[in-house]
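Read the structure below first, then the notes.
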Amino acid sequence: MKIIVLNGSPKGEISITMQYVSFIQKKFPQHEFKILNITQRGKQIESRQDVFQEIIEEIKGADGVLWAFPLYVFLVHSQYKRFIELITERSAEAAFKDKPAAILTTSIHFYDHTAHNYIHGICDDLDMNFYASYSAEMHDLFKESEREKLLHFCQGFFEAIVRKAPASKVYLPLHLQTSEYAPRTIPDPIDACGQKIVIVTDEEENQRNLKQMVKRVAAHFTGQVEVTNLHDIDIKGGCLGCIRCGYDNICAYSGKDGFIDFYNSKLKTADIIVFAGAIRDRYLSSLWKTFFDRGFFNTHIPSLIGKQIAFLISGPLGQLPNLRQILEAYTEWQQANLVGIVTDEERDSQKLDDLLWELVIRSVEYANSRYIKPSTFLGVGGRKIFRDEIWGNLRFPFAADHHFYKNKGFYDFPQKDYASRMRNLIFGWMINIPALRKKIYSEMMIGKLVEPYQRLLNKL
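According to the numbering used here, the sequence shown is numbered sequentially starting from 596.
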């Protein structure tokens, strides 16, 4: 059978992801694998209708489609995202209808699930028969047990194609129910207390609601508010995946376009940042994805620590919990504070006025008090993954990360908690004695757990 591999790496066939595909090819020589380098040829695919159409014809003639890609900032690469947008823009959905589909990714498991959820949703939108997804850690190919898992996954996919296995839709179609936002009141000026405010948007002329929300928020602040449209920044291209930034955070694009200067001079010096965008398919636009991907010149170093971040979203965010989680996780990973997310799903313009006003009030209050809410699993879990990887497998080539993590105390391994280690040693020995174990668990445990807290409260 013929399997189309939609390659999402900007490095083409020399990517780690494609080494996994090569392994699959070697183990299943009876099948034809046609690799289409979607991301690497992204600009050509967009600018040349004939190139795009060639890809669509290949998909039409395929027995199955494998979405294969490395993760880029919670999702797929921006050029891969742009290809997905082109499918709808150029009415090519029919080529994907009823095609068996599967996902193969390589990553360090940092929010691989949000990328999988996104592509799975796209497959459901395209009416494909989604089989399953496989998330490989970058180095899994070197482990026999993981290679066996991958082969079982692929064998299952191929057998599902042969038997024409049906697939349940997990992600329902999106319903656009927003109404036109027409502000009802005159914006109240709010003293920003000297805080630097930057609003970043990708609004286009036809996106009236987004334009109105941006205008409204900007008008609420007194003093200078910088509004930047991503369309006005000279961005030569998406992330190359070259890792040149790994040593000293110097990007391959340095001095070649305006993105890095914008990021460093505007965002890193801001106190309050408002990101504004309209939903395209199940994410924001591919231009916003380019923004997040290109921000990787900071590598795995949080670059917006301590900042107040708010989102203005036009579109059905309430139907996209995966996207909401990405926005929340991005903010927590940055060690910034999520002030809130306001969408134009609120059909009452007066209520939307009030929500935007409250968003501005909170952003100023939080900025003045330098409030950063405690991280949830989204931030804590992500930081631990980066901590372990930078200490281990990724210390080279990400030397800049290692230097930062070491100097800033990010290497907070529990092995360094010597008090806990000693306590665990003593009590671990004690509970091996039946009489002591019974007394500890039946009489002492609950009370002793809260004693330190009670002593602290008494002191306070």
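Each residue gets a CB set at the ideal place from its N, CA and C atoms; glycine is no exception. The structure displayed is predicted, hence computed values, not measured ones.
| Asked | Found |
| --- | --- |
| Paired residues, beta bridge with THR796 - DSSP | ASN824 and ALA871 |
| Of the residues PHE972, GLN914, ASP996 and LYS968, the one placed nearest PHE561, counting alpha carbons only | Any answer about residue 561 is impossible in this case: the structure gives the chain only from 596 up to 1055. |
| 4-residue-minimum alpha helix (DSSP H) runs that sit fully inside the segment 992-1027, ordered along the chain | 994-1002 and 1013-1025 |
| Start-to-end residues for the beta strand (DSSP E) that takes in GLY935 | 932-938 |
| Minimum C-alpha distance to GLU927 - residue among ILE896, ASP1007 and LEU767 | ILE896 |
| Where the alpha helix (DSSP H) containing ILE908 begins and where it ends | Run containing ILE908: none in the alpha helix (DSSP H); it sits in the beta strand (DSSP E), 903-909. |
| Beta-carbon contacts of LEU767 that lie in its chain and below 7 Å, excluding the five residues immediately before and after | none |
| Pair within 8 Å by beta-carbon distance, MET733 and PHE691 | no |
| Range covered by the beta strand (DSSP E) that runs through ALA697 | 695-702 |
| HIS672, buried or exposed, once every other Cβ within 10 Å from all chains shown has been counted against 16 | buried |
| Bridge partners - PRO665, DSSP secondary structure assignment | THR701 |
| Classification of LEU1044 by the beta-carbon crowding that lies within 10 angstroms, buried from 16 upward | exposed |
| CB contact flag (ILE781, THR701, <8 Å) | no |
| Residues that TYR878 bridges to, as DSSP identifies them | ARG875 |
| C-alpha gap between ASN1002 and THR894, whole angstroms | 16 Å |
| Straight-line gap, GLU680 to TYR1013 (C-alpha atoms, nearest Å) | 53 Å |
| In chain order, each beta strand (DSSP E) run of at least 3 residues that lies wholly inside the segment 606-646 | 627-632 |
| Cβ separation of THR773 and GLU940, assumed to be a contact under 8 Å, to the nearest whole Å | 6 Å |
| Helix, strand or coil at ASN602 [DSSP, three-state] | strand |
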